[in-house]
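Trainee:
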Amino acid sequence: MSSNSGVTPVIEKTYEPDEKNVNGLIQAGFPKEKAEKVLRAIGNENCCGPQIKWLFAHDLERNKARNELKKHESCFTSEHTDYDGYANVWGNQNKQPDAGRCCQSCKDYVPKAPNYYPCNVWVYCPKEQGCFAPAAGEFKYQDCWLKYQHDPIHVHVNMKGEYSAEYRISHPTAPEMVDWTAGVVLTEEEFHRSEGDLNHTWSARSHWRKLLADNNR
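1 is the number of the first residue of the sequence shown in UniProt numbering; add one for each residue after it.
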């Protein structure tokens, strides 16, 4: 009796991520591992609209379930800090009088289609003269960014604390310390699982910016 079942095995095609598209998705607010995952799954063509749509779809049920969970009361406020994340609401569209109200606006945010990303990261500009960021555009006083990260317990950090002398050489307008104040909104389940101890992890965006700074030296 033949052991051949006659069924041809299905081999899923994978693609090699293009570094330019990885960086494009990082700039859109996705972590490097997510960017590489979607590019391997559906390829580099027409990046990055189809890739973002794929990421939205694959997180949809998880996000909807998370939105039903009770939020912990803490804001986990960190001065001189900028957190990464997908921007649900840009800062210039959400002016708040102080960091506490910025955090509350994150807690009050109602997720929307097509991704239903909750707000679990907020970033606030407390400086009357505006806040420095190594990106195009103006970042003004009381801007309150509402963001989403896949794992806020291991929150991804763009900038924190004091800028290095090397960084300020490549970014002459950078201050000595990061201007921003940032925080995290956890669910009660996430708070108890982490015991309130957040693990700060440098974001892919921070490494990419450092590489650009090194190349400009």
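Every residue, glycine too, gets a C-beta built ideally from N, C-alpha and C.
All values derive from a computational prediction rather than experimental measurement.
Would you mind sorting Ser-203 into buried or exposed? The rule is 16 or more other CB atoms within 10 Å of its CB.
Mentor: In the sequence shown, counting from the first residue as 1, residue 203 sits at position 203. So Ser-203 counts as buried.
Trainee: Assuming the contact rule is C-beta atoms closer than 8 Å, residue 219 and Pro-126 should be a hit. Round their C-beta distance to whole Å, please.
Mentor: The displayed coordinates of the chain run from 1 to 217. Any statement about residue 219 would go beyond what the structure contains.
Trainee: Could you pull out every unbroken beta strand (DSSP E) segment of at least 3 residues lying fully inside the region 97 to 173, listed in chain order?
Mentor: 121 to 124, 144 to 148 and 156 to 160
Trainee: Can you tell me where the beta strand (DSSP E) with Val-184 in it begins and where it stops?
Mentor: As a first step, residue 184 is located in the sequence shown; it is residue number 184 there, counting from the start. Residues 181 to 184.
Trainee: State the DSSP-derived secondary structure class of residue 296, mapped to helix, strand or coil.
Mentor: Nothing about residue 296 can be read from this structure; the chain reaches only from 1 to 217.
Trainee: Which value, in whole angstroms, describes the spacing of the CA atoms of Leu-211 and His-171?
Mentor: For the purposes of this step, residue 211 is taken as residue 211 along the sequence shown, with counting starting at 1. For the purposes of this step, residue 171 is taken as residue 171 along the sequence shown, with counting starting at 1. Bear in mind that the predicted position of Leu-211 carries a pLDDT of just 43, short of 50, making it too unreliable to give a figure here.
Trainee: From this set, Val-89, Ala-113 and Pro-97, which residue's C-alpha is nearest Cys-106's C-alpha?
Mentor: Sequence index remark: in the sequence shown, residue 106 carries index 106 (1-based). Minimum Cα distance to Cys-106 is reached at Val-89.
Trainee: What residue does the beta strand (DSSP E) around Ala-41 start on, and which one ends it?
Mentor: For the purposes of this step, residue 41 is taken as residue 41 along the sequence shown, with counting starting at 1. Boundaries for Ala-41: no beta strand (DSSP E) harbours it, while the alpha helix (DSSP H) harbouring it runs 32 to 42, taken from the DSSP string.
Trainee: For the ligand MG, is there a heavy atom less than 6 Å away from the beta-carbon of Gly-24?
Mentor: This structure lacks the ligand MG, and indeed carries no ligand of any kind.
Trainee: Report buried or exposed for Asn-199, applying the criterion of at least 16 other Cβ atoms within 10 angstroms of its Cβ.
Mentor: Counted from its first residue, the sequence shown places residue 199 at position 199. Of the other Cβ atoms in all chains shown, fewer than 16 fall within 10 Å of the Cβ of Asn-199; this residue is therefore exposed.
Trainee: Could you check if Gln-129 is buried or exposed, using at least 16 other CB atoms within 10 Å of its CB as the buried criterion?
Mentor: The residue you call residue 129 lines up with position 129 of the sequence shown. So Gln-129 counts as exposed.
Trainee: Can you round the beta-carbon distance between Val-157 and Thr-81 to whole angstroms, since I take them to be within the 8 Å contact cut?
Mentor: Within the sequence shown, numbered from 1, the residue matching residue 157 stands at position 157. Within the sequence shown, numbered from 1, the residue matching residue 81 stands at position 81. Right, the Cβ-Cβ distance comes to about 7 Å (below 8 Å), so this counts as a contact.
Trainee: With distances taken between CB atoms, is the gap from Leu-25 to Ala-35 smaller than 7 Å?
Mentor: Translated into positions along the sequence shown, residue 25 becomes position 25. Translated into positions along the sequence shown, residue 35 becomes position 35. Cβ atoms of Leu-25 and Ala-35: closer than 7 Å.
Trainee: Suppose you measure from the CA of Asn-63 to the CA of Asn-115; what does that come to, to the nearest Å?
Mentor: Looking up residue 63 in the sequence shown gives position 63. Looking up residue 115 in the sequence shown gives position 115. Taking the straight line from one Cα to the other gives about 8 Å.
Trainee: DSSP state of Glu-16, grouped into three classes?
Mentor: Position 16 of the sequence shown holds residue 16. Looking at Glu-16 - three-state DSSP - the assignment turns out to be coil, as it is neither helix nor strand.
Trainee: Tell me, please, which residues DSSP counts as bridged to Val-89.
Mentor: If you number the sequence shown from 1, residue 89 lands on position 89. Bridge partners of Val-89: Leu-146.
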